[in-house]
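In our numbering, each residue's number is its place in the sequence shown (first place is 1) plus 385. The beta-carbon is built from N, C-alpha and C at its ideal position, and this holds for glycine as well.
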Amino acid sequence: MKPPPAVARYAAAVALVLAVASARVLVESRAALDEGRAAIARGAVDPGVRALRRAAHLYLPGNPANAGAYDALERLARNQETLGHQDHALLAWRAVRSSALATRWMVVPHRDRLDRANRRIARLMALLPPTPEERDTPVARREELHYALLLEDRAPEPAWVFVLGVGLALWIGGAFYAARHGWDDDDRPRARPLAAAGAAVAAGLILFVLALVRA
Numbered sequence: 386m387k388p389p390p391a392v393a394r395y396a397a398a399v400a401l402v403l404a405v406a407s408a409r410v411l412v413e414s415r416a417a418l419d420e421g422r423a424a425i426a427r428g429a430v431d432p433g434v435r436a437l438r439r440a441a442h443l444y445l446p447g448n449p450a451n452a453g454a455y456d457a458l459e460r461l462a463r464n465q466e467t468l469g470h471q472d473h474a475l476l477a478w479r480a481v482r483s484s485a486l487a488t489r490w491m492v493v494p495h496r497d498r499l500d501r502a503n504r505r506i507a508r509l510m511a512l513l514p515p516t517p518e519e520r521d522t523p524v525a526r527r528e529e530l531h532y533a534l535l536l537e538d539r540a541p542e543p544a545w546v547f548v549l550g551v552g553l554a555l556w557i558g559g560a561f562y563a564a565r566h567g568w569d570d571d572d573r574p575r576a577r578p579l580a581a582a583g584a585a586v587a588a589g590l591i592l593f594v595l596a597l598v599r600a
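Structure below.
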């Protein structure tokens, strides 16, 4: 059974938009990766990390430039640690961490990289000159404290963000459906479409408010 022409057109339009958006992500992430590698090769660490972080932020499942950016950042961080350049190492590890957090949704696509970055950042922070309050605290204890702070997550729970989106879609979709199908040509209300639209709006509003409270 073929879908109605309108459904097919909408599906084709959505597919086209997704294809264009995906192509743009692939192109921009590849350009940022090349820019970052070139900057690192000539010794410009700060702009190189910024470009690699941008490439890592441009997440798309299966995007080789995205994975390449993470690899380049981790390799740079380890090299800088070996050379004793803790500030540059921290910069690179923090770029890994921020990118992993920025691209999470229902899951964290780069959970292993996030875990490594948290560990290395905590270690490097513990090796920095201590504050007056931390002067008598052993390095291992300072590392534990920094790691605990890095694990604190005040961002909204991804699942509830998804529920919020579903609720908003039901809410708006129900209102549009009522506007388009709720009355006949003589402006008389149609009970069944209005009831369906009302149920969708009510369900969407409940989900939206619940997600706002819980996220």
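Are there 16 or more other CB atoms within 10 angstroms of the CB of residue i, so buried, or fewer, so exposed?
i      : result
VAL481 : buried
LEU534 : exposed
VAL412 : exposed
PHE561 : exposed
VAL591 : It should be pointed out that residue 591 corresponds to Ile in this sequence rather than to Val. Flag for ILE591 reads exposed.
ALA507 : buried
GLY421 : buried
LEU418 : buried
GLY552 : buried
GLU380 : The structure shown does not extend to residue 380, since the chain is modelled only from 386 to 600, so the question has no answer here.
GLU466 : buried
ARG505 : buried
Quick test of your reading: residue i and residue j, contact by CB under 8 Å. State the CB separation rounded to the nearest angstrom.
i      : j      : result
LEU475 : ALA457 : Rounded, the Cβ-Cβ distance is 16 Å, inconsistent with contact.
ASN549 : ALA563 : Here residue 549 is Leu; the residue named in the question, Asn, does not match the sequence. With 8 Å as the limit, LEU549 and ALA563 do not qualify as a contact, their Cβ atoms being about 22 Å apart.
ALA462 : TRP478 : 5 Å
ALA502 : ARG527 : With 8 Å as the limit, ALA502 and ARG527 do not qualify as a contact, their Cβ atoms being about 18 Å apart.
LEU499 : LEU486 : 7 Å
ALA585 : LEU555 : 5 Å
TRP568 : ARG575 : 6 Å
PRO515 : THR522 : 7 Å
Nearest to residue i by CA position, among the options, is which residue?
i      : options                           : result
GLY558 : ASP571, ALA397 and GLY589         : GLY589
SER407 : ALA424, ALA429, ASN451 and GLY428 : ASN451
VAL594 : PRO574, ARG573, PHE547 and TRP568 : PHE547
ALA582 : HIS566, ARG415, VAL410 and ASP572 : HIS566
PRO494 : PRO446, GLU466 and LEU401         : PRO446
GLU529 : PRO514, THR516 and LEU509         : LEU509
GLY433 : ARG409, VAL410, GLU459 and ASN448 : GLU459
ARG409 : ARG505, ASN448, GLU519 and ARG496 : ASN448
VAL430 : ALA404, ASN464 and LEU403         : ASN464
Could you give the DSSP three-state label for residue i: helix, strand or coil?
i      : result
PRO514 : coil
PRO432 : helix
PRO574 : strand
LEU553 : helix
Is residue i a contact residue of the ligand NAP, with contact defined as CB to any heavy atom under 7 Å?
i      : result
HIS442 : As for the ligand NAP, it is missing from this structure, which has no ligand bound.
I'd like to know if the region 465-473 and the region 441-453 are in contact, where contact means that at least 3 CB-CB pairs between them fall below 8 Å.
no
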